[in-house]
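Novice: Numbered as in our numbering, the sequence shown ends at 140 without a single skipped number.
I'd like to ask some things about the structure below.
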Amino acid sequence: REIVPLIQERLKKLTDAVKLVDFFFVDRISCDPSLLVGKKMTAAESLAALRKARGTLAALPDFEEEPLEEALRALVDKLGLKARQLFGIIRVAATGKKVAPPLFGTLNVLGRERVLERLGDAEEALEGLVSQT
């Protein structure tokens, strides 16, 4: 029930739903680590931003959409990034996809534990990319 409002606007055909929501129904996801590198960022910069984001999310007392958005937008400003840079990294880390339902609703539905675990996995993937350079 929580997922339907997130994908409703993005659906053209009902058959598209599976591709948009499959990541909600698995514990672990995988993706090409290069997708975790933010636009106009290096792998090392993306890793640093992702670590900060994970720390910010872990410290949130409330994992609802509004506090998630406020905290991550404040982090964007603090890091001197554009929202699409940081949010893109988080989106891929949490969903395995560059295109997914709205970020803050998605993070809320996935829940703190699963989001932090996936961001941790993404950090490991980015560490591998950084060590190759």
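Think of the CB as a built atom: it goes at the ideal place given N, C-alpha and C, for glycine as much as any other residue.
Would you mind sorting S41 into buried or exposed? The rule is 16 or more other CB atoms within 10 Å of its CB.
Specialist: Numbered from 1 along the sequence shown, position 34 holds the residue referred to as residue 41. Result: exposed.
Novice: What distance in whole Å lies between the Cβ atoms of E72 and C127, which are believed to be in contact at a cut-off of 8 Å?
Specialist: In the sequence shown, counting from the first residue as 1, residue 127 sits at position 120. In the sequence shown, counting from the first residue as 1, residue 72 sits at position 65. The residue you asked about is not Cys; residue 127 is Gly in the sequence shown. Actually they do not touch by this definition, with Cβ atoms about 22 Å apart.
Novice: Would G112 pass as an interface residue toward chain C - the criterion being a Cβ-Cβ separation below 7 Å?
Specialist: Absent here is chain C; the protein component of the structure consists of one chain.
Novice: For the structure I just gave you, are there three or more beta carbon pairs, one from the region 82-102 and one from the region 54-68, closer than 8 Å?
Specialist: Yes, they touch.
Novice: Pick out whichever of F70, A60, R91, Q92 has its Cα sitting closest to the Cα of L79.
Specialist: Taking the sequence shown and counting its residues from 1, one reaches residue 79 at position 72. The residue with the shortest Cα to Cα distance from L79 is A60.
Novice: Drop a sphere of 10 angstroms on the beta-carbon of P108, count the other beta-carbons inside from all chains shown, and report buried for 16 or more, exposed for fewer.
Specialist: As a position in the sequence shown, residue 108 is number 101, starting the count at 1. Buried, by the Cβ-count rule.
Novice: Under 7 Å Cβ to Cβ from R56, same chain only, skipping five residues before and after it: list those, please.
Specialist: Position 49 of the sequence shown, counting from 1, holds the residue named residue 56. In the sequence under discussion, the amino acid at residue 56 is Ala, which differs from the Arg named in the question. The residues are G45, L86, L88, L93, I96.
Novice: Quick one: what's got a C-beta closer than 6 Å to A51's C-beta in the same chain, skipping five residues either side?
Specialist: If you number the sequence shown from 1, residue 51 lands on position 44. Counting only Cβ-Cβ distances below 6 Å, and skipping sequence neighbours, we find V137.
Novice: Which whole-angstrom value describes the C-beta separation of L54 and E130, a residue pair presumed to lie in contact below a C-beta threshold of 8 Å?
Specialist: Walking along the sequence shown from the start, residue 54 turns up at place 47. Walking along the sequence shown from the start, residue 130 turns up at place 123. Sure, about 6 Å apart at Cβ, within 8 Å.
Novice: Quick check for students: name the residue ranges of the alpha helix (DSSP H) that lie wholly in the region 72-103, counting only runs of 4 or more.
Specialist: If we require 4 residues or more, the alpha helix (DSSP H) runs fully inside the region 72-103 come out as 72-86, 90-102.
Novice: Apart from the five residues on each side of it in sequence, which residues of its chain come closer than 6 Å, Cβ to Cβ, to F30?
Specialist: As a first step, residue 30 must be located in the sequence shown, where it is residue number 23. Result list for F30: I36, T102, G103, in chain order.
Novice: Is the beta carbon of L43 sitting closer than 7 Å to the one on L133?
Specialist: As a first step, residue 43 is located in the sequence shown; it is residue number 36 there, counting from the start. As a first step, residue 133 is located in the sequence shown; it is residue number 126 there, counting from the start. A contact, by the Cβ cut-off of 7 Å.
Novice: Have a look at L27 and R119 and give me their C-alpha separation to the nearest angstrom.
Specialist: Within the sequence shown, numbered from 1, the residue matching residue 27 stands at position 20. Within the sequence shown, numbered from 1, the residue matching residue 119 stands at position 112. Using only the alpha carbons, I get a separation of about 20 Å.
Novice: Please confirm whether L114 and V122 have their CB atoms less than 7 Å apart.
Specialist: Translated into the one-based positions of the sequence shown, residue 114 becomes position 107. Translated into the one-based positions of the sequence shown, residue 122 becomes position 115. Closer than 7 Å, so yes.
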